[in-house]
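In the UniProt record's numbering, the protein residues as written are 1 to 238. This report refers to the structure that appears directly beneath it.
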Amino acid sequence: MKATEARLLDFLKRSQQFVIPIYQRTYSWTEQQCRQLWDDIIRAGKRDDISAHFIGSVVYIEQGLYQVSGISPLLVIDGQQRLTTAMLLIEALSRHLGEDEVFDGFSAMKLRNYYLLNPYESGEKGFKLLLTETDKDSLLALIKQRPMPENYSHRIMENFTFFDEQIAKLGDDLIPLCRGLAKLLIVDVALNRGQDNPQLIFESMNSTGKALSQADLVRNFILMGLEPEHQTRLYEDH
Numbered sequence: 001m002k003a004t005e006a007r008l009l010d011f012l013k014r015s016q017q018f019v020i021p022i023y024q025r026t027y028s029w030t031e032q033q034c035r036q037l038w039d040d041i042i043r044a045g046k047r048d049d050i051s052a053h054f055i056g057s058v059v060y061i062e063q064g065l066y067q068v069s070g071i072s073p074l075l076v077i078d079g080q081q082r083l084t085t086a087m088l089l090i091e092a093l094s095r096h097l098g099e100d101e102v103f104d105g106f107s108a109m110k111l112r113n114y115y116l117l118n119p120y121e122s123g124e125k126g127f128k129l130l131l132t133e134t135d136k137d138s139l140l141a142l143i144k145q146r147p148m149p150e151n152y153s154h155r156i157m158e159n160f161t162f163f164d165e166q167i168a169k170l171g172d173d174l175i176p177l178c179r180g181l182a183k184l185l186i187v188d189v190a191l192n193r194g195q196d197n198p199q200l201i202f203e204s205m206n207s208t209g210k211a212l213s214q215a216d217l218v219r220n221f222i223l224m225g226l227e228p229e230h231q232t233r234l235y236e237d238h
């Protein structure tokens, strides 16, 4: 295991793709949690005495490696709620920006190409974040700016709408939001598949939250050792 401090935007920019394993729960942040994050970002953006705002850790496994290499997807063990919420906020902000930068690195094109998309890839490889099947189509529809699927994720749409409305209230004064986003800090926790036990880490990460059933734990233990496409097939078949 290797843990390093990282700016969220730098982390997103240098990582090619995050994949949420099929055994993880769906996106569940409430508007209250989004509002707290929003308030923290705006406060950090307005105050020069706040150099960074810590939002938690992102724990992931890469195929046989333990550093972000941009070669293969990062399988997220913990942090999907933060990553998804950040993506929703960035997508909403990109729709309120034009071609010119309002703050260093903040234009519509740069936000999308740095943090939401892999512009030179096609299909699902062209997106930075792939959620579980229940949520994936909803997030991709937002990022592609297309109509929501029939069975869309209400939580994803509601939280995107919340951020969109908050940004609209700022009018042309978007610099505090951009500055605050640039100050977001995470702990980048990279696991080595051959040395670390992701199941134990997954259980410890969830030990203070909503309890996992024994069925959840058994299912996760079985699926965690498989490649993503095999996880999906086994999960859907059983």
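Quick reminder that beta carbons are idealized off the backbone N, C-alpha and C, glycines included. Owing to the predicted nature of the structure, the values given are computational and were not obtained by experimental measurement.
- Here the C-alpha atom of residue 100 lies approximately 8 Å from the C-alpha atom of residue 106.
- Between residue 155 and residue 27, the gap from beta carbon to beta carbon is short of 8 Å.
- Contact between the stretch 33-44 and the stretch 156-169 is present, with at least three C-beta pairs closer than 8 Å.
- For residue 53 and residue 104, the gap between their C-alpha atoms comes out near 18 Å.
- The C-alpha of residue 159 lies about 30 Å from the C-alpha of residue 3.
- Excluding residues up to 5 positions away in sequence, 19, 21, 60, 61 and 228 lie with their Cβ nearer than 7 Å to the Cβ of residue 75 in the same chain.
- Its chain contains 148, 149, 152, 153, 156 and 157 as the residues whose beta carbon lies nearer than 7 Å to that of residue 138, once the 5 sequence neighbours on both sides are disregarded; these appear in chain order.
- When DSSP states are grouped into helix, strand and coil, residue 154 belongs to the helix group.
- Closest by C-alpha distance to residue 127, out of 17, 49 and 13, is 17.
- Bridge pairing for residue 57: 187 [DSSP].
- Residue 95: not part of any beta strand (DSSP E); DSSP gives it neither H nor E.
- Contact between residue 84 and residue 131 holds: their C-beta atoms lie close to 7 Å from each other, under 8 Å.
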